[in-house]
Each structure stands twice: as structure tokens, then as C-alpha cells.
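My numbering numbers the first residue of the sequence shown as 8 and each following residue consecutively.
Worksheet: one structure, shown below.
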Amino acid sequence: MPQGQPSVVPEDGLTTRQRRNRPLVVVHTGIGKGKSTAAFGLALRAWNQGWPIGVFQFVKSAKWKVGEENALRVLGASGEGGSVDWHKMGEGWSWVQRDSQMDNEEKAREGWEQVKRDLAAETYKLYVLDEFAYPMHWGWVDVDEVVAVLRDRPGTQHVVITGRNAPEKLVEFADLVTDMSKVKHPMDAGQKGQRGIEW
């Protein structure tokens, strides 16, 4: 495929410009590394375009410090590109800490309610819903509602959702889906995650 050229031109009555500027729903799923990292890479591009960005971290602990958070906060405050708001919705790694599951479910639902309010208000141009596939996969947030809200969102708001086990209904609805597969990882050989690579 030539660079920048679609392989199909649909007969949808839209001009090339209209079709090119459609708001997208993007899903990064699969068992491989890099789902969130790729989403934060999109956030860097959005920042460069001057777009307001909302990052909503589901599941990960508020104490968990990811390198991208500090970098994007600094960029957002620089006044050079777009603004960046970072919201931490979860209380811990829920698949490990099952005793706090109810609290995590409530936090995930509260987070989704905030995303819905922001979508209705067109607060951001890009939403990064990090690890949001998990609350849908576990049944904490209804996937049918998520698809309906995203389908009916106003304006030109782009949404990227990360996490393993993205529900099939979300995958079918999304405009762009990447399944990160793992070929090999140092953890398979007993090596723990390391600074600058995993966080």
C-alpha cells in the first residue's frame, strides 16, 4: 500500500477531507508489551497538534508512577502544545489484590461516569482510557453502554482504549485495533521489570 493511501475508498458520500478527519476509536489489546506505551505515543502526537488530552488510568494504583505521566504533565504545562489532564481511577492491580475488588469496581464505574461527562462536554480532543479493557472484560462496566456512548459522542473526539482481553463487541465497533502479541519477554526468563523499560 502506498504511504498515506487507503486500500479502499468507500462510497459513503464523504469527501476525502471529511473521511480523513473522522474521530476514531482505537483499541490496543493482546498479551504483548506496549499497549499503553503506544497510546501515550499517540498522546505525544496529539500534544504536538495542540489538542487537549485526558488520560484516565483504570486499575493501576494511584501510587504507580509511569514515566509517561511525568513527561506528559511537563509537556502539558509547558504552554507549547496541548493541555494534559491525568486522572487515576484505580486503587491497585486488581487481578492480584482480589480482596479490594469491590472498591476497584466502584472506582472503575466512577471513572467511566467521569469519561461520559467529559465526552458529553467535549472536554478533550484525545482520551487515553488506559487499562479500560479490564473493567469491561470483568463485567464492571457494561460494554454495550461503552459502545453506545462512544458511537454517539459529539464533535471530533478521539478515544484510545488499552488492556488485554478487549471485549469482542468493542473490537468490532472500533475503527483501529492492534493486537499486541508476545514473541518473547525477559520476564519469561525470570527477569523482573526494569526502570526505563517497564516504567
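Note that CB positions come from ideal geometry on N, CA and C, so glycine has one too.
Going by DSSP, name the residue or residues bridged to residue i.
{"i": "Leu133", "result": "Ile60, His165"}
{"i": "Lys95", "result": "Gln64"}
{"i": "His35", "result": "Thr169, Thr185"}
What distance in whole Å lies between the Cβ atoms of residue j and residue i, which are believed to be in contact at a cut-off of 8 Å?
{"i": "Ile60", "j": "Val91", "result": "5 Å"}
{"i": "Val153", "j": "Leu177", "result": "7 Å"}
{"i": "Val66", "j": "Tyr141", "result": "5 Å"}
{"i": "Gln64", "j": "Lys95", "result": "5 Å"}
{"i": "Asn55", "j": "Gly88", "result": "5 Å"}
Is residue i near residue j, with beta carbons less than 8 Å apart?
{"i": "Ala53", "j": "Leu133", "result": "yes"}
{"i": "Leu136", "j": "Val166", "result": "yes"}
{"i": "Lys40", "j": "Met187", "result": "yes"}
{"i": "Glu129", "j": "Pro161", "result": "yes"}
{"i": "Trp206", "j": "Gly48", "result": "no"}
{"i": "Met194", "j": "Gly200", "result": "yes"}
Determine contact between the segment 20-40 and the segment 159-177, defined as no fewer than three beta-carbon pairs at a distance below 8 Å.
-> yes
Are the segment 19-32 and the segment 73-80 touching, with three or more C-beta to C-beta distances below 8 Å?
-> Note that the segment 19-32 does not touch the segment 73-80; fewer than 3 beta-carbon pairs, one per stretch, sit closer than 8 Å.
Three or more beta-carbon pairs under 8 Å between the segment 143-151 and the segment 108-119, yes or no?
-> yes
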